[in-house]
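Trainee: Chains as they are written, first to last, in my numbering: chain V, 80 to 230; chain X, 80 to 230. Heads up, the beta-carbon is just placed ideally off N, CA and C, and yes, glycines get one too. Computed from a predicted structure; not experimentally measured.
2 protein chains.
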Amino acid sequence: MKDIRARLTNLLKGGYCTPRISELARALNEPPATIHYNIRQLEKDTIVGYKAVFDYKNIDQGFCTYVMIHLMPEEYTDPAKAAKELAGYPQIECVDVVTGDWDLILRVRTKDMDEYYQFVKNVLGKKRLSRVQSVPSMRQIKDEFMIIKDK
Amino acid sequence: MKDIRARLTNLLKGGYCTPRISELARALNEPPATIHYNIRQLEKDTIVGYKAVFDYKNIDQGFCTYVMIHLMPEEYTDPAKAAKELAGYPQIECVDVVTGDWDLILRVRTKDMDEYYQFVKNVLGKKRLSRVQSVPSMRQIKDEFMIIKDK
DNA sequence: TTAAATCTTGAATAATATTCAAATACGACC
DNA sequence: GGTCGTATTTGAATATTATTCAAGATTTAA
């Protein structure tokens, strides 16, 4: 047993997938070469990538938290800079720059609250943030445009 | 010109993609047959599907808004019910039930602010919500675990 | 109207997924 | 530890699919 599954899910989270050209060709009733050409064009500016969508409870990322962030005044002139730093962390699903009550909104996925605590301590705690408010999701109803079936 | 691109993006939003087995095999240094077997196992309970991730600006969904919702007191006993109703709308990417300052958090995608206004008026305006606060994303840095390259 | 750029397509080729059967590893039970 | 049933790994054969390319069609810009 080499535990290939865990290594696979890691890669599939952010890539290592590809469109099914022949199936698209069948669905749209166009030749595969045409589909191929058009997908390559889309990939230049419209398609960011291809990925697997998971039942995140099964891959130790079932705990989802919205994080509202207030930057320090000196960071505030370039919120995208702080945002890009955060974007590198694998626990972080989304990073948006907003305005109003907060400067950034994150969506973070961890295994459970304990792991989220470690994330706050080790990642957010070391950034120059003036205030952080965590709003854990008690229940996910829809995610990535896909309705979560409850069990 | 058959406008194949628009039809392609529609299909790729929720499927018509597949893992790249040989590339996974190379990355993990395992035989393709092993990767194939393990992916089939994952698909039974862990992998929900495969999809393309877009630069949503290019497919008329570039305007992303976080929506914080306060339910009416009489709805509050079953927030998941209201959440499920909302989940049906195609503009809504995520629906989470939370607690604290708000009852629900949505993530909504429209073409622009005008279309978002229509959404607020026609969808949210017709639900029994005691308060709604919209927080538009000024800039998306990371989405669906994928870093958006800026231009 | 014309020329350049973009798009479509069939057919050949290259690459990849899939299947399958044998070998191995693992888990549960005594 | 020993045994049996189940799950996993794997190489090799086969089936399917992606990719390339060049020619023709269509669109665009002036």
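Rounded to whole angstroms, what is the Cα-Cα separation between X:Thr189 and X:Pro110?
Mentor: The residue given as residue 189 of chain X occupies position 110 in the second sequence. The residue given as residue 110 of chain X occupies position 31 in the second sequence. Roughly 43 Å between the two C-alpha positions.
Trainee: In chain X, which residues lie with their C-beta within 7 Å of the C-beta of V:Ala159?
Mentor: In the first sequence, the residue the question calls residue 159 of chain V occupies position 80. The answer, in chain order, is Arg218 and Ile220.
Trainee: Using three-state DSSP, classify V:Asp82 as helix, strand or coil.
Mentor: Residue numbering aside, residue 82 of chain V sits at position 3 when the first sequence is read from its first letter. Under the three-state reduction of DSSP output, V:Asp82 falls in the coil class, being neither helix nor strand.
Trainee: Name the chain V residues whose beta carbon is nearer than 9 Å to that of X:Met231?
Mentor: Given that chain X is displayed from residue 80 to residue 230, the structure contains no residue 231 of chain X and the question cannot be resolved.
Trainee: Considering just the uninterrupted stretch of the alpha helix (DSSP H) at V:Asp175, what are its terminal residues?
Mentor: In the first sequence, residue 175 of chain V corresponds to position 96, counting from 1. Segment Ile171 to Val177 is the beta strand (DSSP E) holding V:Asp175; no alpha helix (DSSP H) there.
Trainee: Taking the alpha-carbon positions, what's the V:Ile126 to X:Glu153 distance?
Mentor: As a working mapping, residue 126 of chain V is identified with position 47 in the first sequence. As a working mapping, residue 153 of chain X is identified with position 74 in the second sequence. V:Ile126 and X:Glu153 have their C-alpha atoms some 43 Å from each other.
Trainee: To which residues of the same chain is X:Thr113 closer than 8 Å at the C-beta, ignoring the five residues directly before and after it?
Mentor: Here residue 113 of chain X refers to the residue found at position 34 when the second sequence is read from its first residue. Result list for X:Thr113: Ala104, in chain order.
Trainee: Looking only at DSSP bridge pairs, what is X:His149 linked to?
Mentor: Indexing the second sequence from 1 puts residue 149 of chain X at position 70. Its beta-bridge partners are X:Arg210.
Trainee: Given 8 Å as the limit, is there contact between the stretch 204-212 of chain X and the stretch 87-98 of chain X, that is, 3 or more CB pairs closer than that?
Mentor: Not touching, per the Cβ criterion.
Trainee: Using a 10 Å radius around the Cβ and a threshold of 16 neighbouring Cβ atoms, would you call X:Met147 buried or exposed?
Mentor: Position 68 of the second sequence, counted from the first residue, corresponds to residue 147 of chain X. Buried is the call here.
Trainee: Any contact of the stretch 153-166 of chain V with the stretch 166-185 of chain X, i.e. 3+ C-beta pairs under 8 Å?
Mentor: no
Trainee: Could you name the residues of chain X that V:Thr178 contacts, counting a contact when the two beta carbons are closer than 9 Å?
Mentor: As a first step, residue 178 of chain V is located in the first sequence; it is residue number 99 there, counting from the start. Under the 9 Å cutoff, chain X gives Val214, Pro215 and Met217.
Trainee: Starting from the beta carbon of V:Asp134, find every residue of chain X whose beta carbon is closer than 9 Å, and list them in chain order.
Mentor: Sequence index remark: in the first sequence, residue 134 of chain V carries index 55 (1-based). The contacting residues are Asp124, Thr125, Ile126 and Val127.
Trainee: With 7 Å as the threshold, decide whether the Cβ of V:Arg99 is near any Cβ in chain X.
Mentor: On the first sequence, residue 99 of chain V is found 20 positions in, with the first residue counted as 1. For V:Arg99, the answer is yes, since a Cβ of chain X falls inside 7 Å of its Cβ.
Trainee: Verify the CB distance criterion: does V:Asp175 have a CB-CB separation below 7 Å to chain X?
Mentor: Against the first sequence, residue 175 of chain V aligns to sequence position 96. It does; some Cβ of chain X falls within 7 Å.
Trainee: Does V:Ile148 get closer than 7 Å to chain X when you measure Cβ to Cβ?
Mentor: As a position in the first sequence, residue 148 of chain V is number 69, starting the count at 1. For V:Ile148, the answer is no, since every Cβ of chain X falls outside 7 Å of its Cβ.
Trainee: Beta-carbon of X:Tyr195 versus every beta-carbon of chain V: anything under 7 Å?
Mentor: Locating residue 195 of chain X in the second sequence gives position 116, counting from the first residue. No, because no Cβ of chain V sits closer than 7 Å to the Cβ of X:Tyr195.
Trainee: List the residues that DSSP assigns as beta-bridge partners of X:Met225.
Mentor: Counting from 1 along the second sequence, the entry for residue 225 of chain X is found at position 146. DSSP lists X:Asp222 as partners of X:Met225.
Trainee: CA-CA distance, X:Val199 and V:Arg186?
Mentor: Along the second sequence, read from residue 1 onward, the residue named residue 199 of chain X stands at position 120. Along the first sequence, read from residue 1 onward, the residue named residue 186 of chain V stands at position 107. Each residue's alpha carbon lies about 23 Å from the other.
Trainee: For X:Val132, which residues of its own chain have a beta-carbon under 8 Å away from its beta-carbon, when the five flanking residues on both sides are left out?
Mentor: Along the second sequence, read from residue 1 onward, the residue named residue 132 of chain X stands at position 53. Only Asp222, Glu223 and Met225 meet the Cβ criterion.
Trainee: Please classify V:Asn117: is it buried, with 16 or more other beta-carbons within 10 angstroms of its beta-carbon, or exposed?
Mentor: Your numbering for residue 117 of chain V matches position 38 in the first sequence. V:Asn117 should be labelled buried.
Trainee: Are the C-beta of V:Asn89 and some C-beta of chain X separated by less than 7 Å?
Mentor: Numbered from its first residue, the first sequence carries residue 89 of chain V at position 10. Chain X contact via Cβ: absent.
Trainee: Which one or two residues does DSSP pair with X:Arg99 in a beta bridge?
Mentor: Indexing the second sequence from 1 puts residue 99 of chain X at position 20. Answer is none; X:Arg99 lacks a bridge partner.
Trainee: Please report the distance separating the alpha-carbon of V:Val202 from that of V:Val211.
Mentor: Indexing the first sequence from 1 puts residue 202 of chain V at position 123. Indexing the first sequence from 1 puts residue 211 of chain V at position 132. Take the alpha-carbon of V:Val202 and the one of V:Val211: they are about 12 Å apart.
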